[in-house]
Structures are given as structure tokens and as C-alpha cells.
Amino acid sequence: MNREEHRSDIESFYHLSGEDVGRKACQGMACFVARHLKPERWNEATSQCPKVYCLGKCYIAPSAGFDDERPRVEVHSRSPIVLERIAKGVARSLDSYRRGGGYEALESALARPPEEIVRELELSGLRGRGGAGFSTGKKWRSVFTERSAEKYVVGNADEGDPGAYIDRFIIEDDPHALIEGMAIAAYAVGARKGYVYLRAEYPDARAVLEEAIIEARREGFLGERVRRTDFDFDVEVVVGQGSYVCGEETALLNSIEARRPEVRARPPYPTSEGLFGKPTLVNNVETLASVVWIARKGGVAYSALGSATSKGTKVVSLNSLFHRPGLYEIEFGVTVRHIVEELGGGLKSGRIKGLIIGGPLAGVIPPELFDTPFGFDELHAIGASVGHGGVVAFDEYTPIAELMHHVFEFGAWESCGECTPCRLGSRYIEQTFRKVLENGRTALKDRSELDEVVKALAMTSLCGHGSGLAEFARSVSRYYGKELQSCFA
Amino acid sequence: MLRVTINGGTREFDEGISILDALRQISVEVPTLCYDKRLTPYGGCRLCIVHVAGVVRPVTACNTELADGMVIETHTAEIEELRRTLLRLLARQYPAAAVSRFPEKEFHRYLRNYAIEGDCLGAQDAELLDEAHPYIHVDMSRCVYCYRCVRICDEVQGQFVWQVWNRGDQTRIKPDSGTTLRESSCVSCGACVDACPSGALEDKSILARGLPTAWTKTTCPYCGTGCEMEVGVREGRIVSVKPAMDAPVNRGHLCVKGRYAFDFVQAADRITEPMIREAGHWRPVSWEEAIAFTAGELKRILDRSGPDSIGVLGSARATNEENYLTQKFARVAIGTNNVDCCARVCHAPTAAAMKLMLGTGAATNSFHDIERARTILVCGSNTTENHPIVGARIKQAKLAGANLIVIDPRRIELSHYADVHLQPHPGTNIPLFNAIAQVIVEEGLLDQGFAVGRVAELDEFRQFVEQWTPERAEALCGVRADLIREAARLYATAKPGMCFHGLGMTEHTQGTESVMSLVNLALLTGNIGKPGSGINPLRGQNNVQGSAHMGCEPSNLTGFVAIEDGRSLFESVWHAPVPGSKGLNLMSMMDAAEGGRLKALFAIGYDIFLTNANANATRRALTSVELMVVQDMFMNETAREFGTVFFPAASSFEKRGTFMNAERRVQMVRRAIDPVGQSKPDWEIICMLARAMGKGEFFDYTSPDDIWNEIRKVWKAGSGISYSRLEDAGLQWPCPSEDHPGTQVLHSEAFPIGKKAALRRIDYKPTTEAISEEFPFLLTTGRTLYQFNAGTMTMRTENVALRSTDTLDMSPQDAEHLGLSGGEMVRVRSHWGERVLPIRISTAVTTGELFATFHDQSVFLNYVTSAHGDGYVGSPEYKVTAVCVEQA
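Chains U and Z supply the protein sequences, listed in that same order.
Residue numbering for the first sequence follows the working numbering, beginning at 1 and increasing consecutively.
Residue numbering for the second sequence follows the working numbering, beginning at 490 and increasing consecutively.
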């Protein structure tokens, strides 16, 4: 009856239990669109078992676990919020972190009433960096308001969107920023225990983070009576076992609880009934790293950055097809074209055919829309999304049928199986394009069935996995309609 | 109230319901596969989507709360198209053959409604077929992934058998064995089968015999929980039993016995003709001959030896009406108070103790209170096996946050869920309860307010209990003093606290006093007279509460009224005298028979030879009887060895009447099939016999309805319970008038004996059954999930495949010490007798203690049990026998 014991049925959900990703080649989306750069590496990736989708090395894609080159890291905002230390070099140790003013934000926060910190977050206008873009201040306020002796803060480090490697480098190169952000969050909302849910594909990040936690405990930034105040807080790292949907916050909480990581129905929201049924604040890594700056400089200062409805900065990660792949911290409001051309320097492999921002669960952006400003609402308006901030460009080497097949193979493989449209619909679409790839085309009537299934996926999926896949399919139909139609005859 | 517009019409609904609830209330049907009203809404199949104005995407009706002002459309072209697409995705995986064969399945109905039966392109996968279970056919090729099987096993049965493996379209549902359902931890309750909308899980009986053509709602013939069920019949045969969805006790759930063990009804060896034994051989005869012969013999004995030389035993399996007639037959047709029933060997101590202390010899509360209790104390009851539906509800209550205290020498299933498990040595309940009382008093945990207004003799009790320190109890019961304190604090402070007890409390030489010492705890803590509290005996048989309550009791008449208190009323209704002589109970009937004073015995539905303790004594008694009349469905051991006449009785599936469950609820028994062969309902046989004895004027009934209406005249607390009310739902007595709603909680304001109930000062008198060099083990007997009492019914079903025989359960340490291994045949011997049975190594029993069941007539364990009985009511001490064990 103990539901937390080791259970093979639950482990069977995951595909990386006990696997060493260090020797695996990646078949994430950035590797897929760059497959012509190293065909052998790509062949290796697609023939190995289990599959690995995105090791967070998109800047040298197609990549493998043993590639250890660092990406270019640049700050292009008036104030560096997240990448300051990383751009200057690695700040892994507590000493180097503190030399740059690390943990001062926590110390000053501990001297203020918790509600003031919540207020700063509200003033900042910060929206979650994990994909949904929900107001961080509102989330904090909800957890703060809950009357419960037990609350939790969870750092969502399950950066699964292929193409994103932002959180990976925050953890690997600046781990104390995450720890400090969590401690500030915990103090503000009244939690005493934190978890970082870290994806299995980031083994180096795990080692760094665990070392940093030990350091932080040693110096009294974690543990009982943090910095000799009455505030107790500690952090535990939970490592995923290979599952994309665990990045969704309720699936993630189930995974920490050793339950089958299906999405929970909402309400109740995690802010009232989250981990182990207690009020829980789940924030993404980049969000928590931004918290440190906001706690130090104030919410108003933060809200002066960025655009009207998308405040502050965002780190974007560019894939290997760009001339200058890497991590760029930008202010919201610059155009997509600016990212592609000014920062990325355009593609080195050929003409750009489209852009996939924030992973495959959102719409493709065709070149004719590159003048769209980079912001939550602006991208949403064209069916795209900020998502995690991964920016994957693809060139004319990639036919639409292959792209659809790749995305739906990924989508079907990662579907949890709880709801009918996603469990069967994503596979149905993958199979349709498999037929196209095998035979050059498929029957005309399959097109209307495809549209029906995409519609069901869009309208009836239980969570964003299915509806996001549908968004992708619809944008392909919208912007690459002619090429798509040529698959059916 | 919420005002909501649905499909153009505006309606009002209560708050706090889902959209789907609202739709169902006004009979708007939307398809659902994963919805089941017994379960937490899941929202996985997505078929119940509806359009809500102002919301972009459709919402699932099952898990969206209805809100004021909602404008809902349920069948727009777009919504219907989406449903069709989802169903087609499912159809593509689904084998076509099943759809036409089982058209009534929910999923098949939807395929038909959306005209996509032709889209079924799936194939049967042999890998997904599992035919090993005796009752449940598993074919996961037909799974539609609604997960209802998984969820009902978790949320209702609490067994967690079905598991979800893998993810996405590779998701598969498997039993926890990883292999077959039969090898899993499944308890065969069938809930998953009932929940399955496609037939991936199906009753084998339906596959073999076809779908039922008629359903009849009735009450389960097994334990005293009183589950209601629907009996499915085809061509005069029972082909399936399903739980009644609206039943208050079982709420759409049954256990393996009620759900599957019905084939005894059509067993090949069922006796369907009256028989008379001549020169040792049974001869089938006509009813006329059997009745005339028996009446003649009874009259001969009456004339020669008087009415008190005859005894009558009622049946806990028969209806209230039939038990009423049984005692009336004894008192009016024979003229004796020698009438008893099997309550004598189970809860007579409970009835006596509770009647004495509280004024009513029945459960104070209801199963409805399980979910209202903050602490549940279970003592001497292996609830999950013997009252599985109650056990499942207790498990769910625990999983939902209630506290659980288990008092049982064995590590029973509930003990694994318990906050505190106390394991007293068998026969040491009284020191344990006295010590719990001592802690409550000593630590000031008693309910002062309740004590002042409702409890008498507190000061005397305080003084008495002072000496019963947990340390003193520890020395006697072997339970650590700190655990006793922990249990006492939990029960006394996390209130309300509700007690359930079973035969582990009563089948002792101090059985009645054990119950009294438990009642003391409820009085001290005020855990009585309130929802979620009380003292609640779990009655063993479907109508054991009813059979004693109807008057199959030597010293009490119908309604558990002492003879002298009821005499005038009964004589005026009966127009016949109530006998004045003191009646014999079952145990004294056996003594009288052995002493030659009891000449004839009429046993209805009761295998006394197999089930009485100390079978050698029963044998001597029954050998001495001149006339042994057996009324049963089968040639039971009493009939086989001693029977003179055999009257074939109808089962409860074949007649009408009422049962009374353990929580005082009277429920209808309805006829689903005709009596098999020439068998007749017990009441008809009794009336025939009475008429043949010239007492027809007192037994002039044409239906159970007539009998029930007479019962309502003599039993005030039941007079408001009419058949027409029972047709709607069962009623709990007291229910003194037709406008009375029945009583869920007794003693709310006062006790029938007055405002206050007195605490009892119970000294511990150890049983003389104690271990010795010759008999180094203490044997406890009891039942198991798959078999029921004498095995008369369950042993004639496929339950035998799930548990074939009685076993002697022994701890691994003892087995190793004796060099015995599991399955080996051993001889278990006591001062009273010996038997041979296979051993089963079990970590549930403590070293030095043994446990065995008594279902199997070929084992006949009661040759080993003792002659000791309870000091008040004589119930045998089944729970403690000193024995030795050797290789057979």
C-alpha cells in the first residue's frame, strides 16, 4: 500500500531509468534539423535505444553526450539579469558566486517581511520562463496566502523542450543563483523544503548542483536557521528518469511523489494542493534566477526592462544552424528578425525556411513573420510561443513531411497516455507522415482525417502536450500549406 | 441554487455538482467512457466534452464544476464531430467481433450511435489474453484505456491490483503479478469487471452462459453486511450477479462471495426432493409423505415426552419472516421455548452485553458512519476477509486520513494500515480493555460532560480500574504498555471513535464480558450516541441479527423482548399461549440430548454437527436423538450422519422476504428464480408442518407479506417498516411508525434503560485452555475471504479454485522448529480431539499461536475445539484451544 515504494509499473513510464546518457547521441529537434551536418551522428542517434530527445547541446547539433564544448554566451540587455556571471565565465563555486554579490539578495530579503518580497515580485511583472508565461507574482501571492504549516518550493529544471539549453547552463555554470532564488521564494511564501526536479539528460548539472547545495549548507545558506535567522530551508535534488511531460508542473509533482506522472486535473492548483497535497510554488530555473535580481534591485527596476506586457529579459538559445549559435540574454520587445539576423548572424547551412521557438508544442514562424516582436502576447498572436526560449531554425534541407513526422514521433513517444486524443491522435499523425515518407505521398482522404485528428487534438487534449502538438500542425498547415498538400494525392 | 442554460432551456441546480451531474439530472445523455459515479472524475476519455459559452475549447463535463449563469451546449455539430473523431481513434485499435456480440456495452453503444462500427480494425492479441482466473476473463485487446479498472481497484476496493505500465500508445494495464490476474493480489471482488465499458474484463459466467435476460434486486445471502445486488437470470438460471449501484451499504461494490459464489444454487448435489431415512438409506418421498411422517413423529414424542423434549433451531440464512415462524412453530405448534439459532455460537455475547449495558443488543451506529469517524477501532475482526465491503470502506477511510487501531492476535490485512496494532494473546481481551480504560481515566482523557449526564458508577469504576495499569496488562496479554497507552490516547482524543468487533471478542469464556469491557471504553470517552462512533458488532451471517431478533432465542420473543415482558401482547396477537417453561439454548439442547431428555430436533438451515465446537460431544448428543429433522439445500453433515427426515429448502434467490443486517437495516429479499426442483421456501414448509400437526389456524399465511404484517404487530420498533417502504430502500429500526425515517444512530439522547448507562467492573478470569508441555500451541479458528462458514455454499462454487481447503497457519519460526514445510499434512490434537489438515506457513500468526479455518467438512476442525463456553450465554470458546501439532 505504500505508494512511494519502488514500483516497476511506474518506472516503466520512463525511458531513461538506469541509462547513461553520456554515451548517447541526441535526436532532439535541433539535431534533427542539423542532421545533414553530421549524417553519421544522426544515424547513430536514430538507431539507438532508448531514444534521447535533446541533451541541451543544440549549439553543436547533431550532438552526443560526450560533446563538451561550451556555447557562446552574450548579454544584450540594458541590465544583465540572468547571464551576467555566466557571460563572464563559470561561477560554480560559492566563493566566486559571493564575490559577485551572491546571496546578498537572500540576506537582505531575510531582514524584510516575507510579504514585501512577494510584493516586489508582483511589481516586477515577471512571467514564468518555463513556457506558460503565468504571472510569477500572482503565483507567489497564492502560495503566500495559503494557511498551511507545510509548503513546498519546487524548482522546475526539467528543461525538456528540444532546442532549449538555458536552464542547463544556469545550473551548470551558476548553480547558486538557482539555490538563492529558491531560498528567497521559500522565505517569501513560507516554505521550508524545496525540491529541484532535474531532467536525466543533464548529468553534469546534477553533479554541479548537488555540490553547490552542500556548499550552501556548509555556509548556512541552506539548512536550519538560515544565516542565523528563524528561517529553515533545505533543497533536495530529484532526478528525472526520462519523460518530457514531467516538465508540466502537475506531472512533475506526481513524479516527485513517485506516482505515475500524469497531469493532474486543475483546480485544485498546485498553489493550494501541490506536492504531497500541500501548497506548492513551482517555478522554472530561469524564473528563480531572475528572482535574485528582483529581490536585490526591486520589482520596479525590473519592470523598466522589456516591453509593455513582457517585462524584463529572456535568455534565448540558438541552434547550430546559425552562424553564431549560443545563449543570448535579450530584452523582450526586440524583433524575431533581430534574434535571427543580428544575434545569430543568419544560417550557415542554407536558406532559412522557418523558426521553431520554445519547442515543438507551438507554431512554426515562417520568414515572412520575422518582424514580429519577441514577447509573450505578440508570439501568441501568430500561433507561436516564447516557451522556454529555445530558438531552432531549419533550412530547406528539411521537407515539411519530415518535420511533421519528426515532431509527431516525438509527441507520440512522449505522450503520457492519459487522454484519448493525445495517446492515439499523436500516433495517428505520426503514422500518416510515415506513410508519406515511405511512399512519397498518401491518399487524399487521409488529409481530411488528418485535419479531423488535429482538430480533436487541439480541442480536446487534457494538457498542453496534445494541444501544443496541434498548434504545431496547424501552423504548418497555415504557413506551409502547399508543401503539406503535396503529401496527399 | 445555480441557474444554468442547457441546450437552450434554463434550469436550476444545487451548487457543488459537475456539469455532468447536472446533465444526468435532466436526462441529457453525453457519452463517457472514463466516468464512473463511484470514482473521482478523471477526464481522460474526453468524450463528455460540452461547449460552454465564453470558453474557447470544449470542457469535460465530468470534472468541470457547474457555475451560475453557464450556457451549455451538449450536442453541437462540432462537439459531436469531435466525439466521433475520438471514438474512431479508439475504434481503429478495437477488434470488430466483440461489438456485435455484446451490443449493450457502453463503448459498443457509442460506436453504434456514431455509426462507426465499421471502423473497428483492431486484432485480438493473444499476448493480452488472460483466462486463468476462475471468474474473470481478461482480454486487454479490448481495452479502451479509461482506467476505470485501475481506479476502482484503488478507490473502492483499495487493493491496488491493476497497474498502468508504459506510456502513450504503448500503455498497458496489467495485474500486479505482472502475469495473470489469478496470480496477482486480486481479491476477486469483480469491481473492475463492473466498471469496464468495453468488456476487456468480463465475467466468465456470462461468456459461458450468455447475457441475463432479467435482473432482480435482492440482498446478499452471505455475511451480515447486507449488500444489495442485482441477480441476472437467463433461462431460469443465474448467470451473473452485480452490485446494486444505489445500495446504501455497498454502494455499487460486492465481494467475491456475493459477486461470484452463486453457483451453489444449481449445484449437482443440491437436494431437491423430500427424503426419509429408512434402514440407514435415504428414500425420496412426496412432500405429503415427508410432512405427514414428521408431524406424526413429533406428535408421538410430544405425547410421550412433552413439548420440552423437542428443540427447534432457526436459520441465520433464512428470512426474518421464516425465523419468526420458526420460533412461533416452537412456541405455538410444539409448545416449548426450546428454540435457538446460530447467534448462540457467534454474537449472543454481544447481544447480551449490549442489551444489559445499553438497553439494545445491536449495533449502535451504521456503516454510513465509517466515513464520519476520525478513529476506527477494529477488534477481533478480520474485516477485509469476513466483511469485505466494510473492510474496504475502512481501508478507504484510513487512506483518506482516519486513524485506525487494530486489536487482533494476527497480522491481518487491516493491521498493515493501522496506526497502532495491538496483538494480545488469544483470550486476554479483558486485561487489555481494562488497561486502555485505566489510561483514559489516569490521563484525564474521559469525556467529562458525557460522564456527568450519561454515565453511572464512574467513581466505583475509577477505583476498580486503578489497578489495571498497562504494565500489568502487558504481563498478561503480551502487548507493550506504551502501545496500549498510544491506542488509548488515540481512541480517547481523536474523536469521534467508532468500534467494530467480531467473533474474536465473543467466542471466549469471557465473551460477554469482553464486549462489556469494550462498551466501557465507549462510555468513558463519550464515543456513543453520535455519528461516527459507537459499538458495532459485525454480524457473521446475512440474517443472524434477524434470526435472534425475530425470537429464535429461548428467553426472548420477537424484538428481543424477554418472554414475561412480551407474553400478554404475543398471546393476544397469536391467540395462543406462550409456553412458561424455561427454554433450552443450543448448548443446553446438546446436553439434554446427550442426557436423553431431548428426543427430537428440527434444524433449519444450520449444520450444527460441523459447526458446533467439540464435535465429539455433538456426535454423542445427536446420536441420542430419536428424530432429527433437517431442512436444508444440501446433505449437510448433520443430515448425513443423523438425519431422519430431509426437507429440501429453497435458497434466498428463490423466495421473498426480508433480511436484517448488522446495522439493524431490514432489506428486501426478492425471488430471482423459481425454487429448484421440489424445494420450497422455509416458511411454506413450516406452515405445512404446523397444519399437519393440527395447528393450521395459527399458521394461516399465504405469503411472506402476511407474516411480516403480523411481525409488525408484535415488534413495536419495527412496526413502521412496511413492505411497500422496503421496496424503495431498506430501513433501520427503531422505526416505530410509517412516517418514521428509521434510526441511524442509537442512544443519541438517552438509553432505552434510562438516561445513564453504568460502567461495568470486569475482573479477568483466564480460560482454562492454556498451553502445557503436551499442548504447546494456542489455536484460534476463523473464516477466510473465499469460504463461508460451513462451506455449504462456497464449497460448491469456483471459490474452491481460489482456496480449496482449510489450512493450519503456523509461523515460519514454529514450522522451522518442528521441521514442517508448507503444504505438509499435520495432525493437530487437543484435549478434545484431533484432525489432519495441510499446514500453511504464514507470517500473519505469532510464534506459539496457530490459526485454522473450519469450512471444509473433510477436515472437520471442530473435533479439536473445546467444550468451554461463555459464562453468560454459553457461546463456545472457538478462539482458544491448546493443541499440539505433529506430522501426519
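Glycine is no exception: its CB is placed at the ideal position from the N, C-alpha and C atoms.
Problem - Residue range of the beta strand (DSSP E) that includes valine 501/U - result: Shown here, chain U extends from 1 to 489; a query on residue 501/U therefore has no answer.
Practice task
State the DSSP-derived secondary structure class of leucine 893/Z, mapped to helix, strand or coil.
Solution key: In the second sequence, the residue the question calls residue 893/Z occupies position 404. Strand, per DSSP.
Practice task
Run the CB neighbour count on isoleucine 515/Z, radius 10 Å, all protein chains shown included, and call it buried at 16 or more, exposed below.
Solution key: Mapped onto the second sequence, residue 515/Z falls at position 26. By the neighbour-count rule (16 or more Cβ atoms within 10 Å), isoleucine 515/Z is not buried but exposed.
Problem - Selection from Pro898/Z, Pro1026/Z and Arg978/Z that minimises the alpha carbon distance to valine 968/Z - result: Along the second sequence, read from residue 1 onward, the residue named residue 968/Z stands at position 479. For the residues Pro898/Z, Pro1026/Z and Arg978/Z, the minimum Cα distance to valine 968/Z belongs to Pro898/Z.
Handout entry: Candidates Asn875/Z, Val722/Z and Ser804/Z: closest to glycine 1029/Z by CA position
Key = In the second sequence, residue 1029/Z corresponds to position 540, counting from 1. Nearest C-alpha to glycine 1029/Z: Asn875/Z.
Exercise for the section: Assign glutamate 396/U to buried or exposed, taking buried as 16 or more other Cβ atoms, counted over all protein chains shown, within 10 Å of its Cβ. Expected result: Residue 396/U sits at position 396 when you count from the first residue of the first sequence. Counting Cβ neighbours within 10 Å, glutamate 396/U comes out exposed, since fewer than 16 surround it.
Problem - Strand pairing of histidine 770/Z, partner residues [DSSP] - result: Within the second sequence, the letter at position 281 stands for residue 770/Z. Bridge partners of histidine 770/Z: Glu767/Z.
Problem - Closer than 7 Å to chain U by CB, leucine 578/Z - result: Within the second sequence, numbered from 1, the residue matching residue 578/Z stands at position 89. Yes, its Cβ sits closer than 7 Å to a Cβ of chain U.
Exercise for the section: Would you kindly check if the distance between the Cβ of leucine 1235/Z and the Cβ of glutamate 1338/Z is under 7 Å? Expected result: Taking the second sequence and counting its residues from 1, the one referred to as residue 1338/Z is at position 849. Taking the second sequence and counting its residues from 1, the one referred to as residue 1235/Z is at position 746. No, they are not a contact pair.
Problem - Option nearest glutamate 595/Z by Cα separation, candidates Cys685/Z, Val928/Z and Ser507/Z - result: Your numbering for residue 595/Z matches position 106 in the second sequence. Among Cys685/Z, Val928/Z and Ser507/Z, the Cα nearest to that of glutamate 595/Z belongs to Cys685/Z.
Handout entry: Where the beta strand (DSSP E) containing glutamine 885/Z begins and where it ends
Key = Against the second sequence, residue 885/Z aligns to sequence position 396. Looking at the DSSP string, glutamine 885/Z is not in any beta strand (DSSP E); the run it does join, the alpha helix (DSSP H), is 877-888.
Practice task
Have a look at histidine 626/Z and proline 520/Z and give me their C-alpha separation to the nearest angstrom.
Solution key: Residue 626/Z sits at position 137 when you count from the first residue of the second sequence. Residue 520/Z sits at position 31 when you count from the first residue of the second sequence. One C-alpha to the other measures close to 25 Å.
Handout entry: glutamate 430/U to glycine 411/U span [Cα, whole Å]
Key = Start at 1 with the first residue of the first sequence, and residue 430/U comes out as number 430. Start at 1 with the first residue of the first sequence, and residue 411/U comes out as number 411. Looking at the two C-alpha atoms, the distance is approximately 9 Å.
Handout entry: C-alpha distance - glutamate 262/U paired with aspartate 446/U, whole-angstrom precision
Key = Locating residue 262/U in the first sequence gives position 262, counting from the first residue. Locating residue 446/U in the first sequence gives position 446, counting from the first residue. Roughly 31 Å separates the two Cα atoms.
Exercise for the section: Please classify arginine 228/U: is it buried, with 16 or more other beta-carbons within 10 angstroms of its beta-carbon, or exposed? Expected result: The residue labelled residue 228/U in the question sits at position 228 within the first sequence. Burial call: exposed.
Problem - Neighbour-count burial assignment, leucine 444/U, 16 or more Cβ in a 10 Å radius - result: The count along the first sequence starts at 1 and reaches residue 444/U at position 444. Exposed.
Problem - Sequence-distant residues of the same chain with beta carbon closer than 8 Å to threonine 499/Z, five excluded per side - result: Numbered from 1 along the second sequence, position 10 holds the residue referred to as residue 499/Z. For threonine 499/Z, where only same-chain residues beyond five positions count, the Cβ hits under 8 Å are Arg492 and Val493.
Problem - Top-ranked residue by Cα proximity to glutamate 644/Z, from Arg1145/Z, Pro530/Z and Asp735/Z - result: The residue given as residue 644/Z occupies position 155 in the second sequence. Comparing C-alpha distances from glutamate 644/Z to each of Arg1145/Z, Pro530/Z and Asp735/Z shows the shortest one belongs to Pro530/Z.
Practice task
Taking glutamine 652/Z as the query, report the chain U residues whose CB atoms sit under 7 Å from its CB, ordered along the chain.
Solution key: Taking the second sequence and counting its residues from 1, the one referred to as residue 652/Z is at position 163. The contacting residues are Asp9.
Handout entry: Same chain, Cβ closer than 6 Å to asparagine 826/Z, five either side skipped, listed in chain order
Key = One-based indexing of the second sequence puts residue 826/Z at position 337. Within the same chain, asparagine 826/Z has close Cβ partners Pro1043, Pro1068 and Gly1072.
Exercise for the section: Alpha carbon to alpha carbon, how far is leucine 281/U from valine 245/U? Give it in angstroms, no decimals. Expected result: Within the first sequence, residue 245/U is the residue found at index 245, counting from 1. Within the first sequence, residue 281/U is the residue found at index 281, counting from 1. The straight-line gap from Cα to Cα measures roughly 18 Å.
Exercise for the section: Kindly say whether asparagine 1105/Z, judged by its beta-carbon, lies nearer than 7 Å to any beta-carbon of chain U. Expected result: The sequence position of residue 1105/Z within the second sequence is 616, counting from 1. No - not a single Cβ of chain U is within 7 Å of the one on asparagine 1105/Z.
Problem - Nearest-angstrom Cα separation, counted from glycine 1021/Z out to valine 895/Z - result: Taking the second sequence and counting its residues from 1, the one referred to as residue 895/Z is at position 406. Taking the second sequence and counting its residues from 1, the one referred to as residue 1021/Z is at position 532. When rounded, the distance between both Cα atoms is 17 Å.
Problem - leucine 288/U, buried or exposed, once every other Cβ within 10 Å from all chains shown has been counted against 16 - result: Translated into the one-based positions of the first sequence, residue 288/U becomes position 288. With 16 or more other Cβ atoms within 10 Å, it is buried.
Practice task
Confirm, please, whether the CB-CB distance from valine 730/Z to arginine 759/Z is below 7 Å.
Solution key: Walking along the second sequence from the start, residue 759/Z turns up at place 270. Walking along the second sequence from the start, residue 730/Z turns up at place 241. Result no, Cβ atoms of arginine 759/Z and valine 730/Z do not sit closer than 7 Å.
Problem - Presumed contact (8 Å Cβ cut-off) between threonine 1112/Z and threonine 808/Z, rounded CB distance - result: As a first step, residue 1112/Z must be located in the second sequence, where it is residue number 623. As a first step, residue 808/Z must be located in the second sequence, where it is residue number 319. Actually they are not in contact, since the Cβ atoms of threonine 1112/Z and threonine 808/Z sit about 32 Å apart, beyond 8 Å.
Handout entry: glutamate 224/U beta carbon near the ligand COA (any heavy atom closer than 6 Å)
Key = Among the components of this structure there are no ligands whatsoever, and the ligand COA is therefore not found.
Problem - arginine 3/U versus cysteine 642/Z - alpha carbon distance - result: Locating residue 3/U in the first sequence gives position 3, where the first residue counts as 1. Locating residue 642/Z in the second sequence gives position 153, where the first residue counts as 1. With a pLDDT of 38 at arginine 3/U, under the threshold of 50, the modelled position of this residue cannot be trusted, and the question is left open.
Problem - Neighbour flag for isoleucine 538/Z against chain U, beta carbons, 7 Å - result: Walking along the second sequence from the start, residue 538/Z turns up at place 49. So, interface residue.
Problem - contact_flag[the region 594-612 of chain Z, the region 568-585 of chain Z] where n(CB pairs < 8 Å) is 3 or more - result: yes
Practice task
Please state whether DSSP places phenylalanine 322/U in a helix, a strand or coil.
Solution key: For the purposes of this step, residue 322/U is taken as the residue at position 322 of the first sequence. Of the three classes helix, strand and coil, the one that applies to phenylalanine 322/U here is strand, per DSSP.
Practice task
Return the CA-CA distance between arginine 601/Z and glycine 128/U, expressed in angstroms with no decimal places.
Solution key: As a first step, residue 601/Z is located in the second sequence; it is residue number 112 there, counting from the start. As a first step, residue 128/U is located in the first sequence; it is residue number 128 there, counting from the start. Distance between the alpha carbons of arginine 601/Z and glycine 128/U is about 46 Å.
Practice task
Could you confirm whether any beta carbon from chain Z is found closer than 7 Å to the beta carbon of glycine 417/U?
Solution key: The residue given as residue 417/U occupies position 417 in the first sequence. Interface residue, yes.
Problem - Collapsed DSSP secondary structure at glutamate 483/U in the structure displayed - result: On the first sequence, residue 483/U is found 483 positions in, with the first residue counted as 1. In this structure, glutamate 483/U counts as helix in the three-state DSSP scheme.
Problem - Beta-bridge pairing of proline 1271/Z - partner residues as DSSP gives them - result: On the second sequence, position 782 is the one that residue 1271/Z refers to. It is glycine, not proline, that sits at residue 1271/Z in the sequence shown. BP columns for glycine 1271/Z point to Thr1342/Z.
Practice task
Output, in chain order, the set of chain Z residues within a Cβ distance shorter than 8 Å of valine 453/U.
Solution key: In the first sequence, residue 453/U corresponds to position 453, counting from 1. Here the neighbours are Thr574 and Leu578.
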